[in-house]
Amino acid sequence: MSDPFAEAHEDAEAPGWAQSLLTFDMDAHAAAQAGWVLHYEQLSSGRFRGELSLVQLDGVRLTEEKTSLALRQRGRLGEQVYGFAMSVAPTADVYFDGRKVHMDAILCGSGREIDFITPPQHHLIALTVERGLLNRLWEHMYQKPLATWLERQVELLPTPESAAALRSKHQQALKEALALAQHFTDASPLNQLRDDILIEWIEALPPSVDISDLDSLARRKRMVDKACELMMANPDEPPSILEVCSRVGASRRKLNYCFQDVLGISPTQYLRALRLNGVRRGLREAGPGATVQDVAARWGFWHLGQFSLDYKKHFFELPSETLARARKPRQ
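Below you can see the structure in the form of structure tokens.
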């Protein structure tokens, strides 16, 4: 039987095994996380800058991510994996699967769907683990099957001491794994490191988990998700907020409350950010002959002067500059 770590070492640049990247584009940043389907939306103003380090071990991926702007990160990590994540000294509120979370929280659950709002200058550590590996370790440690709450998206609060220790040990383990990946073909030290850091994450979890509020949180999130779908169904003619309220069966005040509670932003601000993100992607993918006005109109921006001001305020460049750069031949 071949050694997967030896094969990865022989092709050291194989995507998704060991990477440390500096990025200046959020879509490229999301795409660099091989094997996952991620979609980022820029919610705050500025130019994106990201740092990403990851090591794919046998059954486990270690990740560290730094991002300069407020983002909504959505997607899938896989049907047969569980994810664990924690902020490192968050600068502002973090939202996970429809609720604001504590700064020391461990965020965990199934990798089938993730939904994460991160603030500007956010620093994240994360671990994903295959179901079979976690189940074997869990049964060994606790003499019982995996906890059923792992199938949900849960916020767990470790002690402050456990949180601080976990952050330090994860970052050290990632650094060691990156070094081992570059210099050794033997899987043994990597497997030992993998097991050690996985146990650290598990042991940091609190002894009891309260999931009594998950259903009410899910109802609010479903309302927000439905409103978002309605707002983006026809981006060239976006509905008014009152129309959205009528379709989801909520007052304007209730809808605003739910958006603030689930995403930390108002419906109007969120819709505007999504449409601006849509224009930016459209400009970067525009075919020959397409103009800024053409692309802006497809996203419901008809007043070109005001649109250009809003676009520059959000992305720190004019839409014409985005289009020109997209058409510049790559070296």
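Numbering (my numbering), first residue to last: 36 to 366. Where is the CB? At the ideal position from N, CA and C, for every residue including glycine. Remember, predicted model here, so these are calculated numbers, not experimental data.
Helix, strand or coil at A161 [DSSP, three-state]: DSSP places A161 in the strand class (E or B) of the three-state scheme.
Extent of the continuous beta strand (DSSP E) run through Q115: Looking at the DSSP string, Q115 is not in any beta strand (DSSP E), and its letter there is neither H nor E.
Per-residue burial, H175 [other beta carbons within 10 Å of its own, 16 or more giving buried]: H175 is classed as exposed because its beta carbon has fewer than 16 other beta carbons within 10 Å across all chains shown.
Cβ-based neighbour list, D231, same chain, cut-off 6 Å, excluding 5 preceding and 5 following: Spatial neighbours of D231 in its own chain (CB-CB distance under 6 Å, excluding positions within 5 residues in sequence) are not present.
Reduced DSSP category for D260 - H, G, I as helix; E, B as strand; rest coil: Reduced to three states, the DSSP call for D260 is helix.
Per DSSP, cross-strand counterpart(s) of K135: Answer by DSSP bridge pairing, in chain order: Y130.
Neighbourhood of A127 by C-beta, 6 Å cutoff - its chain only, sequence neighbours within 5 removed: Only residues of its own chain outside the window of five on either side were considered, and among them P154 have a CB closer than 6 Å to the CB of A127, listed in chain order.
Residues near N291 in its chain [Cβ-Cβ closer than 8 Å; skip 5 each side]: A distance below 8 Å between beta-carbons, with the five flanking residues on each side excluded, links N291 to the following residues of its chain, in chain order: S301 and P302.
Rounded separation between Q341 and F350 - CA only: Each residue's Cα considered, the two are about 14 Å apart.
Enclosing alpha helix (DSSP H) for G340 [first to last residue]: For G340, the enclosing alpha helix (DSSP H) stretches over residues L339 to F350.
Residues that H74 bridges to, as DSSP identifies them: In the DSSP output, where bridge partners are listed per residue, H74 has R109.
Straight-line gap, I246 to K256 (C-alpha atoms, nearest Å): Using only the alpha carbons, I get a separation of about 16 Å.
Presumed contact (8 Å Cβ cut-off) between P56 and A67, rounded CB distance: Sequence check: residue 56 is Leu here, not Pro. Sure, about 6 Å apart at Cβ, within 8 Å.
DSSP state of V90 mapped onto helix, strand, coil: The answer is strand: DSSP assigns V90 an E or B state.
DSSP state of T183 mapped onto helix, strand, coil: Looking at T183 - three-state DSSP - the assignment turns out to be helix.
Enclosing beta strand (DSSP E) for G144 [first to last residue]: Residues I141 to S145.
Cross-strand partners of T153 (DSSP beta bridge): T153 pairs with L106.
Beta-bridge partners of L57, as assigned by DSSP: Under DSSP, L57 shares a beta bridge with E86.
Span of the beta strand (DSSP E) around E174: Where E174 is concerned, there is no enclosing beta strand (DSSP E), although the alpha helix (DSSP H) around it starts and stops at R166 to Y177.
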